Amino acid sequence: MTICNEKKYHERKNTGITIRLMELQDLHSVFLLGEKLFTSEFTPNLYRTWDEQELVSLYLGDEETCLVAAKGKRIIGFALGTIVYKTHSAWSYGYLVWLGVERAYQREGLATRLFNQFRNVMLEEGVRMLLVDTQADNEPALKFFRKVGFGNPEEHVYMTLNLTEKQKQRKVKAKLSHKAKSYIKHNV
Ligand SMILES: CC(C)(COP(=O)(O)OP(=O)(O)OC[C@H]1O[C@@H](n2cnc3c(N)ncnc32)[C@H](O)[C@@H]1OP(=O)(O)O)[C@@H](O)C(=O)NCCC(=O)NCCS
1 MTICNEKKYH
11 ERKNTGITIR
21 LMELQDLHSV
31 FLLGEKLFTS
41 EFTPNLYRTW
51 DEQELVSLYL
61 GDEETCLVAA
71 KGKRIIGFAL
81 GTIVYKTHSA
91 WSYGYLVWLG
101 VERAYQREGL
111 ATRLFNQFRN
121 VMLEEGVRML
131 LVDTQADNEP
141 ALKFFRKVGF
151 GNPEEHVYMT
161 LNLTEKQKQR
171 KVKAKLSHKA
181 KSYIKHNV
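Written out as structure tokens, the structure reads:
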């Protein structure tokens, strides 16, 4: 396929898809789409931090920086971000926190459309730098971000501390204390 034909193909596949601001009634669909995309198998860090609270706070924080791609009533993509204002600085940063496109619609230029719109919103808001982050092995995302102009990758390490054992110990302690209280109540 020549580049020219490829572009036409992208345009054709993109027909009937609109990029618009996320609305309250989209939250559930966006959440479910995120659950399908940010899986524990492929992107464990993203999987752990994607939840309803996160989505609602982004939406309530700034509706202008939360966009969706919709085909009719169906939500097939999203770009959700926020603006970080620094006190004592003229700089503000546009942080693209979550970006996702339903698998069946990937590689059709949809994330590019979402991103272009997101960048326009940020430009209008006077933002001077955009930020993104993702897992170091998330190749599709890294390639995408490079393609739309991001550079200067800096390493950032996520660490985890598993609290399962501590939780179990707490439960045992709580049970013992409950038993002790009940023993005292009935026998002392
Ligand atoms: C990353 C993601 C949003 C890209 O969405 P998309 O709609 O497929 O992206 P586009 O079609 O606009 O791609 C633009 C360019 O990015 C690069 N790219 C996108 N997906 C790629 C992939 N799977 N492999 C290699 N390059 C890829 C290509 O250079 C592509 O241009 P081309 O198709 O002309 O070669 C999508 O893969 C996704 O939803 N991934 C899961 C969620 C995620 O990891 N989000 C990012 C972190 S929050």
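For the sequence shown, full-length UniProt numbering begins at 1 and goes up steadily by one. Here a beta-carbon is modelled for each residue, glycine too, at the ideal position from N, C-alpha and C. This one's a predicted model, so the numbers in the text were calculated from it and none came from an experiment.
Closer than 7 Å to a non-hydrogen atom of ligand 3 - does that hold for the CB of residue i?
{"i": "Arg170", "result": "With respect to small molecules bound, the structure shown includes ligand 1 and not ligand 3."}
Could you check what DSSP says for residue i in three-state terms: helix, strand or coil?
{"i": "Arg48", "result": "helix"}
{"i": "residue 190", "result": "Because residue 190 is not part of the residues shown, which for the chain are 1 to 188, the question remains open."}
{"i": "Val188", "result": "coil"}
{"i": "residue 189", "result": "Because residue 189 is not part of the residues shown, which for the chain are 1 to 188, the question remains open."}
{"i": "Thr18", "result": "strand"}
{"i": "Leu37", "result": "helix"}
{"i": "Ser89", "result": "coil"}
{"i": "Leu60", "result": "helix"}
Exposed or buried, what is residue i when buried is set at 16 or more other beta-carbons lying within 10 Å of its beta-carbon?
{"i": "Val132", "result": "buried"}
{"i": "Gly16", "result": "exposed"}
{"i": "Val127", "result": "buried"}
{"i": "Arg113", "result": "buried"}
{"i": "Gly94", "result": "buried"}
{"i": "Leu37", "result": "buried"}
{"i": "Phe42", "result": "exposed"}
{"i": "Leu46", "result": "buried"}
Closest to residue i by C-alpha separation, out of the options, would be which residue?
{"i": "residue 192", "options": "Tyr95, Asp26 and Leu58", "result": "As displayed, the chain neither begins before 1 nor continues past 188, which places residue 192 out of reach and without an answer."}
{"i": "Gly77", "options": "Met22, Tyr93, Leu60 and Tyr59", "result": "Met22"}
{"i": "Thr57", "options": "Thr82, Leu142 and Lys36", "result": "Reading off the sequence shown, one finds Ser at residue 57, where the question assumed Thr. The shortest Cα separation from Ser57 among Thr82, Leu142 and Lys36 belongs to Thr82."}
{"i": "Glu154", "options": "Val172, Lys147, Thr134 and Glu35", "result": "Thr134"}
{"i": "His156", "options": "His186, Asp137, Gly149 and Val148", "result": "Asp137"}
{"i": "Glu63", "options": "Asn45, Tyr183, Glu125 and Ala104", "result": "Glu125"}
{"i": "Ser29", "options": "Arg74, Thr39, Arg48 and Phe150", "result": "Arg74"}
{"i": "Glu108", "options": "Asn120, Leu123, Val121 and Phe144", "result": "Phe144"}
Leaving out five residues on either side along the sequence, give the residues of the same chain with a beta carbon under 7 Å from the beta carbon of residue i.
{"i": "Phe31", "result": "Glu52 and Leu55"}
{"i": "Glu102", "result": "Leu33, Ile76 and Gly77"}
{"i": "Ile19", "result": "Leu67, Ala69, Arg113, Leu114 and Gln117"}
Between the C-alpha atoms of residue i and residue j, what's the straight-line distance to the nearest angstrom?
{"i": "Trp91", "j": "Val84", "result": "9 Å"}
{"i": "Gln106", "j": "Lys166", "result": "42 Å"}
{"i": "Lys181", "j": "Thr164", "result": "26 Å"}
{"i": "Val97", "j": "Phe115", "result": "12 Å"}
{"i": "Asn162", "j": "Lys168", "result": "12 Å"}
{"i": "Met1", "j": "Leu80", "result": "Confidence is the limiting factor: at Met1 the pLDDT is only 41, short of 50, which leaves the residue's position unreliable and the question unanswerable from this model."}
{"i": "Leu99", "j": "Arg170", "result": "38 Å"}
{"i": "Phe118", "j": "Thr65", "result": "7 Å"}
{"i": "Leu60", "j": "Thr160", "result": "28 Å"}
{"i": "Pro140", "j": "Thr87", "result": "35 Å"}
{"i": "residue 198", "j": "Lys147", "result": "The structure shown has nothing for residue 198, since the chain only spans 1 to 188."}
Taking 8 Å as the limit between beta carbons, can you name the residues of its chain near residue i, skipping five residues before and five after?
{"i": "Leu110", "result": "Asn14, Ile17, Ala69, Ile76, Gly77 and Val101"}
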